[in-house]
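Quick notes on the structure that follows.
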Amino acid sequence: MLFWRGFLMPFDRQHAETKMAALAPQPEHAADAARNLEEWFVEERFSPYRELLEAMVAAGDWDTLLDSFYRVLPFGTGGRRGPVGVGPNRMNPWALATSVQGNVDFLRQRFGAATQLRVVIASDVRVFTDLRGVFPTGVLNPLLGMTSVQLSQQAAAIYAANGVDVYMLEPSSGRFLATPELSFLIRWLSAHGGLNVSASHNHPDDTGGKFYTEQGAQEVPPDDERMVERVAQVRSVTTMSWEQATASGRVHFLDQASHEAYLAEVATVLRGEERDARIVFTNLHGVGDTNAGEALQRAGFEVHYVASQRAHDGLFPEVPFRAPNPEYPSAFLAAQRLGDEVGADLILATDPDADRIGAVVPDPSGGPGCWRFLTGNELSVLVAAARFEGAKPGAIGIKTEVTTSLFSRVVRAAGGQVVEHLLVGCKYIAGVMRELEERGSSGDVVGGLDDVLIGTEESHGFLLSGKMRDKDGASPALVLAELASREKRAGRSLLEALQRIYARHGAVANVQVPLVMAGAVGRGRIEAIQAQLRAMPPASIGGRPVTGFFDRQDEQGVFGPIVSGTDRAARDVLAFALGSDHRLVIRPSGTEPKTKIYAEAIVPVEGDLDAALERARCEAKELADDFVRLALEVVGLQLDEVGRRCSALLGVEERMRFAEQVLPALVERVRTGQSGAQLVQWLEHEIGAWGGDGRGMTVAGYRWWREHRAHTAGLTSAQLATLDTLYPGS
């Protein structure tokens with residue numbers, strides 16, 4: 000038995016393993032979790048967390064403990080990112096400290112012991128408050144109140160204690176470096192690497208660390224695995240206090256000159272003097288006001304900020320569902336209201352670390368106050384069309400495999416070359432740029448770095464400058480604003496520019512469906528789906544025969560031999576061709592607990608463009624819906640239309656629970672005469688914690704049920720009206 004503080008510890012390894020084995024998808028997960036949990040109880044370096052762990056064990060929170068301890072949090076497509084918590088599968092000061100120490104050791108190995116290493120550090124606005132309610136209250140929790148800025152100071156102290164020079168903003172200045180500015184400054188300062196303490200657009204309870212090379216890019220296989228191996232070997236961390244670090248002379252605070260240099264580089268994407276467009280901009284409480292917002296204003300555009308979302312606030316309080324992601328239309332609701340007030344021609348938003356851009360434009364066909372959200376794929380073709388207008392023959396565009404093929408059509412029609420079969424992650428785009436810079440070619444594409452006009456991902460990521468090697472939200476903001484101004488001066492809109500692209504190159508529709516499956520059980524399901532589809536790919540999808548199946552882990556395929564475990568993980572991508580005009584791709588996310596399904600349908604435009612686009616959208620959706628069904632069947636799950644309509648931010652099991660249990664129970668309560676406060680209290684108890692706004696997360700599912708199934712529920716009109724009061728606007 001283990002003793003602690005003179006008392007018999009309420010932790011027994013065998014008991015813990017037995018409890019977690021009942022939940023674990025694999026028996027070894029429970030054994031690994033129990034062993035790691037025992038280490039965190041016993042080792043002195045984890046002593047600040049013992050009271051919290053004791054309370055979690057006493058409460059029998061085995062689900063959380065299993066997921067927190069069954070593995071070491073991996074490095075994904077966006078670095079090391081995940082929920083804040085205790086255990087090796089969570090982000091916490093120890094996880095960051097070992098990552099930084101491992102990075103020091105890795106850099107010493109790469110550049111030699113005699114090199115005076117330099118790194119640049121950035122951070123975002125996050126602060127951990129346990130919004131998800133994971134941890135017991137009333138006990139010491141050292142994680143509460145932890146900020147990204149504090150973690151960046153911890154990282155700087157470790158680098159300094161290891162003799163590494165650090166360049167960063169003064170923590171108390173209230174200023175922040177966006178991800179693309181960090182990438183730029185690594186190259187501008189001739190640094191050997193960098194770190195951004197950020198979880199990008201993830202939930203407020205998440206944090207992360209993205210490590211950068213001397214190129215200003217994130218590591219690619221096999222080098223990323225070499226760094227992972229160095230991190231795994233860390234058993235102790237060399238550090239000092241923040242005060243000692245600053246007194247050592249190793250910590251250097253950046254001045255305004257570095258920021259001016261970055262903004263000057265961003266401005267090089269501007270081509271003319273058109274500034275007619277009226278812009279609404281929101282940084283969604285993140286740092287985008289320091290890059291995209293400032294760049295737009297300096298360029299001379301009329302910019303209106305969404306005041307309620309302008310303050311730097313890591314809880315993202317004024318963003319629906321606390322989801323500050325410009326990939327989600329819900330993030331633009333406040334901006335659209337302001338857009339109506341000021342008569343905006345374009346609404347732009349950046350995510351918390353300002354490496355992604357999103358846009359909404361007026362839709363004249365819907366009348367006043369109608370806005371059209373532009374997907375990442377649509378933005379990619381708009382920016383590509385603008386960049387390639389008048390470009391010299393042979394200019395280069397780069398995209399990932401899951402980005403729309405319409406991008407390639409636009410580039411080739413302009414006489415350009417395309418690199419188009421890359422794995423997901425801007426680091427692979429940066430890798431192509433490095434090949435072009437150093438070798439003058441990448442695959443069958445020939446040219447230099449100056450020939451690259453755009454690199455893009457469907458997830459709203461753009462790389463428009465060779466002096467940056469990670470996504471930049473500011474550069475495409477300027478391109479879109481200038482394009483909107485040009486269209487406005489000609490009496491047209493940005494939406495019309497997109498329509499012209501479709502008319503010329505074909506009606507191409509792309510649909511992405513994320514399936515959130517969290518925890519160790521969710522990870523097991525994601526892996527099972529990939530394994531089954533890889534071993535037994537379907538013969539048909541959505542009634543269309545599969546004419547080609549491509550496993551990107553196939554060493555005889557386009558990516559060649561697998562060079563590392565991280566390479567194998569990044570290549571966990573399955574692609575299905577369904578004739579020449581339809582395709583599907585499925586892959587696990589590298590940054591979040593979800594699998595992603597991408598569907599594309601191409602329809603020739605032979606007459607009515609709107610009809611062709613609608614047909615393409617329907618066909619893409621039908622493919623995606625059927626593939627969702629096939630994927631979930633593998634793990635014994637089924638998501639009906641009510642669940643499908645609920646927010647994709649919810650987990651699959653939450654969406655199923657709403658459709659199969661919560662909504663039927665709610666209907667029954669109304670049938671038996673409950674109303675008013677009773678119903679609200681019950682519903683909030685059931686789903687209120689989902690995303691901080693359970694009703695908002697499920698309103699689309701309710702609305703579909705109300706329109707298509709409510710008539711079968713046997714409720715009176717008065718009872719239906721009572722239900723509608725719970726979901727206003729339905």
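301 is the number that numbering that gives the first Met the number 0 gives to position 302 of the sequence shown; each next residue is one higher, with no gaps.
Using N, Cα and C, we set each Cβ at its ideal position, and we do this for glycine too.
Worksheet entry | THR17, enclosing alpha helix (DSSP H) - first and last residue | Within the sequence shown, residue 17 is the residue found at index 18, counting from 1. It spans 12-20 - the alpha helix (DSSP H) in which THR17 sits, taken as one unbroken run.
Worksheet item: Which whole runs of the alpha helix (DSSP H) in the stretch 488-555 are 4 residues long or more, in chain order?
Response: 493-504 and 518-534
Worksheet item: If we call anything under 8 Å between Cβ atoms a contact, is ARG519 one with LEU608?
Response: Indexing the sequence shown from 1 puts residue 519 at position 520. Indexing the sequence shown from 1 puts residue 608 at position 609. Here residue 519 turns out to be Ala, not Arg, going by the sequence shown. Cβ atoms of ALA519 and LEU608: not closer than 8 Å.
Worksheet item: In three-state DSSP terms, what is ILE346?
Response: In the sequence shown, counting from the first residue as 1, residue 346 sits at position 347. Residue state, collapsed to three classes: strand.
Worksheet item: Assuming VAL279 and VAL341 make a contact with CB atoms under 8 Å, what is their CB distance in whole Å?
Response: One-based indexing of the sequence shown puts residue 279 at position 280. One-based indexing of the sequence shown puts residue 341 at position 342. Confirmed, about 7 Å.
Worksheet item: Would the beta-carbon of PHE309 fall within 8 Å of that of ASN282?
Response: Taking the first residue of the sequence shown as position 1, residue 309 is located at position 310. Taking the first residue of the sequence shown as position 1, residue 282 is located at position 283. The amino acid at residue 309 is misidentified as Phe; the sequence shows Arg. Result yes, Cβ atoms of ARG309 and ASN282 sit closer than 8 Å.
Practice prompt. State the DSSP-derived secondary structure class of ARG249, mapped to helix, strand or coil.
Written response: What you label residue 249 is simply residue 250 of the sequence shown in a count that begins at 1. Residue state, collapsed to three classes: coil.
Discussion item. Could you check whether VAL557 and VAL577 sit closer than 8 Å to each other, using their CB atoms as the reference points?
Written reply: As a first step, residue 577 is located in the sequence shown; it is residue number 578 there, counting from the start. As a first step, residue 557 is located in the sequence shown; it is residue number 558 there, counting from the start. The question names Val, but residue 577 is Leu in the sequence shown. Taking the C-beta atoms as reference points, VAL557 is found no nearer than 8 Å to LEU577.
Worksheet item: Taking all protein chains shown into account, do 16 or more other C-beta atoms lie within 10 angstroms of the C-beta of MET535, making it buried, or fewer, making it exposed?
Response: Against the sequence shown, residue 535 aligns to sequence position 536. Exposed is the call here.
Item to complete: Taking the CB atoms as reference points, tell me whether ARG386 and VAL236 lie closer together than 8 Å.
Response: Numbered from its first residue, the sequence shown carries residue 386 at position 387. Numbered from its first residue, the sequence shown carries residue 236 at position 237. Result no, Cβ atoms of ARG386 and VAL236 do not sit closer than 8 Å.
Practice prompt. Take LEU106 as the anchor and find which of ALA506, SER474, VAL163 and LEU52 has the nearest alpha-carbon.
Written response: On the sequence shown, residue 106 is found 107 positions in, with the first residue counted as 1. Closest in alpha carbon position to LEU106, among ALA506, SER474, VAL163 and LEU52, is VAL163.
Worksheet entry | Runs of alpha helix (DSSP H) lying entirely within the stretch 254-308, each at least 4 residues, in chain order | 255-265 and 291-298
Discussion item. Please return the same chain residues whose Cβ sits closer than 6 Å to the Cβ of PHE127, not counting the five positions on each side in sequence.
Written reply: Taking the sequence shown and counting its residues from 1, the one referred to as residue 127 is at position 128. Within the same chain, PHE127 has close Cβ partners VAL83, LEU142 and MET145.
Discussion item. Between the stretch 213-225 and the stretch 467-481, can you find at least three pairs of beta-carbon atoms closer than 8 Å?
Written reply: At 8 Å Cβ cutoff, the stretches touch.
Discussion item. For HIS14, count the other beta carbons within 10 Å of its own beta carbon; 16 or more makes it buried, fewer makes it exposed. Which is it?
Written reply: As a first step, residue 14 is located in the sequence shown; it is residue number 15 there, counting from the start. By the 10 Å Cβ count, HIS14 comes out exposed.
Discussion item. Less than 7 Å between C-beta atoms, sequence neighbours within five positions excluded: which residues of the same chain meet that for HIS202?
Written reply: Taking the first residue of the sequence shown as position 1, residue 202 is located at position 203. Cβ within range, chain order: ARG321.
Worksheet item: What residue does the alpha helix (DSSP H) around GLU667 start on, and which one ends it?
Response: The residue labelled residue 667 in the question sits at position 668 within the sequence shown. Here the alpha helix (DSSP H) through GLU667 covers 662-670.
Item to complete: Enumerate in chain order the residues of its own chain whose CB-to-CB distance from GLY442 is below 6 Å, with the five nearest sequence positions on each side excluded.
Response: Reading the sequence shown from its first residue, position 443 is the one you call residue 442. Cβ neighbours of GLY442 beyond the five flanking positions: none.
Worksheet item: Exposed or buried, PHE461, counting other C-beta atoms within 10 Å across all chains shown (16 or more means buried)?
Response: The residue you call residue 461 lines up with position 462 of the sequence shown. By the neighbour-count rule (16 or more Cβ atoms within 10 Å), PHE461 is buried.
Discussion item. Can you tell me where the alpha helix (DSSP H) holding ASP104 begins and where it ends?
Written reply: Sequence index remark: in the sequence shown, residue 104 carries index 105 (1-based). Element bounds for ASP104: 92-110.
Worksheet item: When the Cα atoms are used, what is the spatial distance from GLU437 to TYR427?
Response: Numbered from its first residue, the sequence shown carries residue 437 at position 438. Numbered from its first residue, the sequence shown carries residue 427 at position 428. For GLU437 and TYR427, the distance between alpha carbons rounds to 15 Å.
Practice prompt. Could you tell me the boundaries of the alpha helix (DSSP H) in which VAL41 lies?
Written response: Here residue 41 refers to the residue found at position 42 when the sequence shown is read from its first residue. First-last of the alpha helix (DSSP H) with VAL41: 26-41.
Discussion item. Nearest by alpha-carbon distance to LEU636: which of ALA658, ASP275, PHE548 and GLY690 is it?
Written reply: Taking the sequence shown and counting its residues from 1, the one referred to as residue 636 is at position 637. Nearest of ALA658, ASP275, PHE548 and GLY690 to LEU636, Cα basis: ALA658.
Worksheet item: Closer than 7 Å: is that where the CB of ALA688 sits relative to any heavy atom of the ligand ADP?
Response: Summarising the ligand content, the structure contains no ligands, and the ligand ADP is consequently not present.
Practice prompt. With a threshold of 16 other CB atoms inside 10 Å of the CB of THR711, please say whether the residue is buried or exposed.
Written response: The sequence position of residue 711 within the sequence shown is 712, counting from 1. Classification for THR711: exposed.
Practice prompt. Could you name the residues of the same chain whose beta carbon sits closer than 8 Å to that of ALA263, not counting the 5 residues immediately before and after it, in chain order?
Written response: Here the question's residue 263 lines up with position 264 in the sequence shown. None.
Discussion item. According to DSSP, simplified to helix, strand and coil, what is GLY614?
Written reply: The count along the sequence shown starts at 1 and reaches residue 614 at position 615. Looking at the sequence provided, one finds Arg at residue 614 rather than Gly. In the structure shown, ARG614 sits in a helix (DSSP, three-state: H, G or I).
Worksheet item: Taking the alpha carbon of GLY447 as the point to measure from, which residue in GLY589, ALA155, GLN673 and GLN416 has its own alpha carbon closest?
Response: In the sequence shown, the residue the question calls residue 447 occupies position 448. Here the closest residue by C-alpha is GLN416.
Worksheet item: Since LEU533 and ASP550 are thought to touch, with beta carbons under 8 Å apart, how far apart are those beta carbons, to the nearest angstrom?
Response: On the sequence shown, residue 533 is found 534 positions in, with the first residue counted as 1. On the sequence shown, residue 550 is found 551 positions in, with the first residue counted as 1. Per the sequence shown, the amino acid found at residue 533 is Arg instead of Leu. Sure, about 6 Å apart at Cβ, within 8 Å.
Worksheet item: What are the start and end residues of each continuous alpha helix (DSSP H) run of 4 or more residues lying completely inside the stretch 420-449, in chain order?
Response: Within the stretch 420-449, the complete alpha helix (DSSP H) runs of at least 4 residues are 425-438.
Worksheet item: Got a sec? Which residues, its chain only, sit under 7 Å from VAL318 by beta carbon, not counting five neighbours each side?
Response: Indexing the sequence shown from 1 puts residue 318 at position 319. If we look at VAL318 and ignore the five residues flanking it on each side, its Cβ neighbours are LEU283, HIS284, GLN308 and ALA330.
Discussion item. For ALA20 and TRP704, what's the separation of their Cα atoms in angstroms?
Written reply: Translated into the one-based positions of the sequence shown, residue 20 becomes position 21. Translated into the one-based positions of the sequence shown, residue 704 becomes position 705. Separation of ALA20 and TRP704 (C-alpha to C-alpha, rounded to the nearest whole angstrom) is 38 Å.
Discussion item. If contact is defined by three or more beta carbon pairs under 8 Å, each pair taking one atom from either stretch, is the stretch 662-674 in contact with the stretch 602-622?
Written reply: No: the two stretches stay apart, fewer than three of their Cβ pairs being nearer than 8 Å.
Discussion item. Please report the straight-line C-alpha distance between GLN56 and ALA600, rounded to a whole angstrom.
Written reply: The residue labelled residue 56 in the question sits at position 57 within the sequence shown. The residue labelled residue 600 in the question sits at position 601 within the sequence shown. Checking the sequence shown, residue 56 turns out to be Val, not Gln. Answer to the nearest angstrom: the Cα atoms are 50 Å apart.
Worksheet item: By a C-beta neighbour count over all protein chains shown, 10 Å radius and 16 as the cutoff for buried, is LEU139 buried or exposed?
Response: Here residue 139 refers to the residue found at position 140 of the sequence shown. The residue in question, LEU139, is exposed, as its Cβ has fewer than 16 Cβ neighbours within 10 Å.
Fill in: Outcome for GLN115 when other beta-carbon atoms lying within 10 angstroms are tallied against a minimum of 16
Working through the sequence shown from its first residue, we reach residue 115 at position 116. Burial is judged here by how many other beta carbons sit within 10 angstroms of a residue's own beta carbon; GLN115 has fewer than 16 and is exposed.
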